[in-house]
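Chemist: Just dropping this structure here.
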Amino acid sequence: MIPRKKLHLLLFMLQISYIFGDYDTSIDNLLLSTDFKENVIDDSFNVNEKFSKVDKTVENAKKVYLPQTTTIDIPEETTTSVFESSTDPSSEGEKAIDINLQIADINATFANVSWNYEGQNVTFILKDDLEIKLQIKLNKSEKYQEINNLEPCYNYIVELILDDEILNKNFTKNFTTSYYPPGKPNKLKSFANQNNSLRIEWVKPKYASNCVKDYKIDLDLTHMENKHVGPAYTNETFYEFENLYSCTVYLVSVVAVDSSNSESDKVATIESVPTLATISQSPVLSNATQYITKNSINVTWNAVDPSNNCTLKEIYFNCSWDKTHGMGYDVFNSNVTVSIENKTIDELQHISTIVDNVSPFTDYICQALIKNEAGSSNWSTPVLITTEEDLPGEPLNFQTYNKNHGIEFTWEPPKIMPGRFIGYRLEYTWEPLYMVPTHCRGSKPKRKVCSIPATNKSWTENENEISAYYEAKLAAATSIGVGPYVFSKFSSNKVGIPSTVTNLQCRTQTSKEDLKLLDTILTWQLPCSLRGNLISFSVEYSGERDCEGCSPHKGVTELNIEYDITNPDEVFSINLGELKPAYNYTFTVRAKSTASDDYGDPSLINILYPSGLPAMLPADYIQILGMGDYRMDHTSRSATLLLPIFDDSNGPVQFYAVMVTALSPHNWTSEGRWNVHKQGWPATFSWKNASDNDFTLVYQATVPFWTLNAEIAEYGGFSAVKYTVGKDTTCAYMEFRSESKAYCNGPLKPNTWYEVKMRAFTSDGYIDSPTFRIKTDPELNLTLTIGALSGILLIGFLLTVVFGLKRFSLCEFFNCARLKFRRTPEPNPMTIRKFMRHCKVIKDNPGKLSNEYQMLQTLSLDLILPCNAACLRINRSKNRYSDILPYDFTRVKLSILDGDSATDYINASYIRGYSGRNEYIACQGPKSDTCYDFWRMICELQIEFVVMLTNLVEQGREKCFRYWPHMGETVEYGDIKITSIKTMYFGTFVKRCFTVERDNYQKTVSQLHFVKWPDHDIPDGYEQTLYFVKYYRNQLNMRKGLSVVHCSAGIGRTGTFIAIDMVLQHIENHRRIDIFRTVYGMRRDRGLMVQRESQYAFIYFCVHYALKNPALYETMRKDSLSTSIDSMIPLCQSSPQASPKILMNGLRHSQSAGAIDTRSDHKRIERYNSEGYAIILYMKILKQLQCNQSQKNCFVPC
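When you line the sequence shown up against mature numbering (1 follows the signal peptide of the UniProt record, and there is no 0), it's residues -21 to -1, 1 to 1177, in that order.
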């Protein structure tokens, strides 16, 4: 091997030879490494250069060209492997030569060649199959050669030629350099061709290109994600992609792939030139809804071409008419150009194109095309579109003719018809030339519409209105609607009779002249079609009853109208007096007008006339019954007698009651109108009440609704009831066990005279029979009984005296005892004069009124009736107070909702008024959860007046929930809407007006709110209370019907107000005054009415004050506040200056009213009118009266 120093010297010499020109040009590219490094690639290696042929001699050796190769037959069996030895097989007889040619340390760019030859110089050649890469002449001392800068993955041939004249031999070895990752392709270019193709060209990598098996080419869209074309593979340095997007720039990437299909990490990328522009595809009709009108076509297109990215400029939309279906108008074509530059993909999918000025009811063929930078696309698929219809023109020559048989209309068809002609619309209205009631204006049509076929040119209306002014209009119609109208006006004066009168009603009421009689009142209103001026009414009635001896009852009367009717809603009435009881009556009313000499159509109403009071019994019948042997069954505790049976001449007698009392000097016969089915059984005393009062009270010995289930006896051809009074010995036990009053036939007192009457009931009244007297037998052992009783009474008296002396002085005790055991009879009705004297007695005797009130309380205990509905668990929460409940037979029942029977309950009771009928509804103040029930009651009973006597909060506690809205506001409870429309202030009270709406029901409701009445107390003054009561009565008289009165519980202040109103009505009609029975009667309908003694006294002295000041009372009574005061009250203003405080502590805080000084002080009467307020009188009418100290010491309430 050649020493390394010599190699360095050789290299130096070669460089000198190069400088001085003595070199071979073929070795320019041969670089020999000065340092031996294994498996290292020289960074200065040029990957793009190839080895040239070299003929170079080391150390000034002269250039020698290679000689031609001489074939030497070398035995095959002497050939050695490449890396072991190289033996030249000699010819036969010659010796073989082995130079041991070896190639070692091969990597991608380097190889170390060595040999062992001791002969002459050698020629070293490096080549491939095509050319020589390197040729060097070496002297014989050099036995190896290092080769650098080889090409990776390249197959080389090393040939060593021995420079021996005798042995001209050559030796070869093949080797392949190792793999090295190729570089990236160079000079990457793109070219756009036709048919949307793109040609990609490149140059092989400068280094390791022989390690490349294929090239991988990819295209990506630069403006879209996940849009990839490829990959494509080729072993060439170009590739062409076809069917790409137009006008599109692609991102081109080329990477080399080796024989193991591994990709180089050196990737060549460029952005391609844009593909050539082409025209877009035709627009496609969108699935969006097309909007077609009579004069425009709106079509939506999809202008997106997925394979074309060329810039879009505009869309051109054209519609040409093909055929018209109408007549009388011109037809036009239309087109439009819409710019679509800078539109997003979403916008291009819905390009709206609208062409205007097209003709109605016409077929159009519509197409569109798109223009881009390459030009216009083809036309889209044609679309056939028909425009909408239009309204027709107006009919011509419209005429009307008023004929006897009706009205005739004539016309000519319209000229313009841009649609399907479906006919004509004739509409006419009329206004009667006579008065029409308000309720008829909604039900009776005043407008008529006729649909007329298209073939008609005339129309006749036969049932035209009589005496009316007409306005008619006519229009032609297509499928889309009605065109313009033509008009005509005319009048009709046809003769005719009135239609039926409206709202015919019949009611019966107690006669004011005789409470036993009934008035039959017929009311009605004008006909809906009077057809002239009103002249008169004809009223007929016809009654029949199916009974023996009952003949028909008929009558007719004429009611002439001799004045001009100015109110279309005027109510006409006639009083027919009392008719025959229990008859079925038919009432007929007809109207007559100036339009005809005949009466109009009849209006009928049928009623079953109420039964009368049972007929009086014949005297001989009573005499026969009185002669009966009534003593045969008498005992000390019972007595038997015969009682009469009433006939049915005044209506069927449905029930009986046996009434009993001890012998009385007074005539206690009772009779009157009473509907047991509606009002329930009248409250009377029971046996227990009478026995506790020594039988001085009239009590009922039979159960309610008794139907003669006793023995019927026959005497002299007369029937009678054999009845034993006092035979029921279980009465006391029944009374004890029953929570309500027990009517029973309890035992009598021995040796006592009694009066007995038979009370008979029809459906609408009752009457008592004459009195029958009976007497019980004396009790056995009378002396012993009296002695025992006397001893017991003596002991009780002594105990009472001892107890009384411990608590009171002797005077006080005997005064209490006198008051306790004194028998106080029930007060009788009084005349006005006697009432005034009675009030003076009350003032002078403080205990008298207290005793009267205590008697009222005691008697009221017998009026406790069932309250089952109020006690139901589901209804308990609806009661404001658990002990203030309505009776079952007088409670207000609402309509049932959703089948739930509990929804008919409200804590409210009917109260009978002065007329004997239900005039008031006393109820508790609504709670938050009962407001809907309260307003349901208002709607269902058609209430127009509500009186409120409490404030919402008193002494820090809620007394009533605010159930009405503020002024100008609306509140809704369920399906009921209440709107506040008016508020007026009167100092001590406020008037509010509401509109109440529910379904088709609408009504105005007024609320009178008295704000100066404390709870469990009385107002400060009589005058303002009387003023409030009379204002209420004057307002109510104009609107007949029920009114609702409530405070908090609905008994104290409510009862006081109603009692004052009822007594004042008695005074107006010059009736007797009976405050006791008035309050007692109210308690039959609702318990505890007039709750406090001070309230009971307040009623007395309110009435006393009204009678003592007749001038003031007459002013309030005669002056209609309802027509004068409202006009003076400004809306929504505060009340005028408050009246001075009136001290009534003497009445408010004393048990009786005896401490009241009823003398009025008229010193202060003020008038406020500067701001338009109503005239309000302020009077201080009472002063506190201090009790006499000596009387205080003597009188102690017991």
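Every residue, glycine too, gets a C-beta built ideally from N, C-alpha and C. Note that the structure is predicted; figures quoted are calculated from it, not measured.
Counting pairs of Cβ atoms below 8 Å between the region 311 to 318 and the region 235 to 246, do you hit three or more?
Modeler: no
Chemist: If you check the beta carbons only, do Lys452 and Glu406 fall under 7 Å apart?
Modeler: yes
Chemist: Roughly how many angstroms lie between the CA atoms of Ala1038 and Thr681, to the nearest whole one?
Modeler: 32 Å
Chemist: Name the one or two DSSP bridge partners that Ala887 has.
Modeler: Cys902
Chemist: Between the beta-carbon of Val362 and the beta-carbon of Cys345, is there less than 7 Å?
Modeler: Cβ atoms of Val362 and Cys345: closer than 7 Å.
Chemist: In angstroms, rounded to a whole number, what distance separates the CA positions of Lys116 and Leu177?
Modeler: 53 Å
Chemist: Compare the Cα-Cα distances from Ile333 to each of Thr619, Thr272, Leu555 and Ser572 and report the closest residue.
Modeler: Comparing alpha carbon positions, the residue from Thr619, Thr272, Leu555 and Ser572 closest to Ile333 is Thr272.
Chemist: Would you tell me roughly how many angstroms separate the C-alpha atoms of Pro757 and Pro845, rounded to the nearest one?
Modeler: 38 Å
Chemist: Where does His988 sit, in a helix, a strand or coil, going by DSSP?
Modeler: strand
Chemist: What residues match up with Met963 in a beta bridge as DSSP calls it?
Modeler: Lys970
Chemist: With a Cβ-Cβ cutoff of 7 Å, do Leu496 and Tyr413 count as a contact?
Modeler: no
Chemist: Are the Cβ atoms of Lys106 and Ile136 separated by less than 7 Å?
Modeler: yes
Chemist: Among the candidates Thr958, Leu928, Lys183 and Glu933, whose CA atom is the shortest distance from the CA of Val969?
Modeler: Closest by alpha carbon: Leu928.
Chemist: Do the region 380 to 389 and the region 362 to 371 touch if we need at least three Cβ pairs shorter than 8 Å?
Modeler: Not touching, per the Cβ criterion.
Chemist: Beta-carbon within less than 6 Å of Phe940's beta-carbon, same chain only, minus the 5 sequence neighbours each way: which residues are those?
Modeler: Pro905, Lys906 and Ser907
Chemist: Report the rounded CA-to-CA distance for Glu1145 versus Gln1044, giving the unit in angstroms.
Modeler: Its pLDDT being 34, under 50, Glu1145 is placed unreliably by the model, and nothing is read from it.
Chemist: Which residues in the same chain as Lys991 place their Cβ atom closer than 6 Å to its Cβ, once the five residues preceding and following it in sequence are excluded?
Modeler: Thr967 and Pro998
Chemist: Find out if the Cβ-Cβ distance for the pair Val182, Lys166 is shorter than 7 Å.
Modeler: yes
Chemist: Whole angstroms is fine: what's the gap from Lys148's alpha carbon to Tyr212's?
Modeler: 47 Å
Chemist: Smallest Cα separation from Val92: which of Thr227, Gln99, Glu130 and Ala83?
Modeler: Here the closest residue by C-alpha is Ala83.
Chemist: With DSSP as the reference, identify every bridge partner of Asp1053, one or two as the case may be.
Modeler: Answer is none; Asp1053 lacks a bridge partner.
Chemist: Between the alpha carbons of Asp21 and Val208, how many angstroms are there, rounded?
Modeler: Residue placement at Asp21 is poorly supported in this model, since its pLDDT is 38, which falls under 50; the coordinates still yield a value, given next. Taking the straight line from one Cα to the other gives about 39 Å.
Chemist: Quick check: Ile500 and Asn554, are their CB atoms within less than 7 Å of each other?
Modeler: yes
Chemist: Are three or more beta carbon pairs between the region 879 to 893 and the region 859 to 866 nearer than 8 Å?
Modeler: yes
Chemist: Taking the alpha-carbon positions, what's the Val228 to Glu125 distance?
Modeler: 51 Å
Chemist: Taking 7 Å as the limit between beta carbons, can you name the residues of its chain near Gly892, skipping five residues before and five after?
Modeler: Excluding its 5 nearest sequence neighbours in each direction, Gly892 has C-beta neighbours in its own chain below 7 Å: Glu898, Tyr899 and Met1041, listed in chain order.
Chemist: For Arg486, count neighbouring Cβ atoms within 10 angstroms of its own Cβ and tell me buried if that reaches 16, exposed if not.
Modeler: Per the 10 Å Cβ criterion, exposed.
Chemist: Is the region 813 to 822 close to the region 1056 to 1071, with three or more CB pairs under 8 Å?
Modeler: no
Chemist: According to the neighbour-count rule (16 or more other Cβ atoms, all chains shown, within 10 Å of its Cβ), is Ile875 buried or exposed?
Modeler: The residue in question, Ile875, is exposed, as its Cβ has fewer than 16 Cβ neighbours within 10 Å.
Chemist: Assign Tyr380 to buried or exposed, taking buried as 16 or more other Cβ atoms, counted over all protein chains shown, within 10 Å of its Cβ.
Modeler: exposed
Chemist: Starting from the C-beta of Tyr464, find all residues in its chain whose C-beta is less than 6 Å away, skip the five residues before and the five after it, and write them out in chain order.
Modeler: Lys452 and Ala454
Chemist: Of all the options Thr573, Glu690 and Asn668, which has the alpha carbon lying nearest to the alpha carbon of Pro623?
Modeler: The shortest Cα separation from Pro623 among Thr573, Glu690 and Asn668 belongs to Glu690.
Chemist: Anyone know if the C-beta pair for Tyr133 and Ile179 falls short of 7 Å?
Modeler: Cβ distance not < 7 Å, so Tyr133 and Ile179 don't count as in contact.
Chemist: Would you give the residue range spanned by the alpha helix (DSSP H) that Met1068 belongs to?
Modeler: That residue, Met1068, is in no alpha helix (DSSP H); it is neither H nor E in DSSP.
Chemist: Unbroken beta strand (DSSP E) runs of length 3 or more, entirely within the region 628 to 656: which are they?
Modeler: Within the region 628 to 656, the complete beta strand (DSSP E) runs of at least 3 residues are 634 to 641 and 650 to 652.
Chemist: Helix, strand or coil: how does DSSP classify Pro683 here?
Modeler: coil
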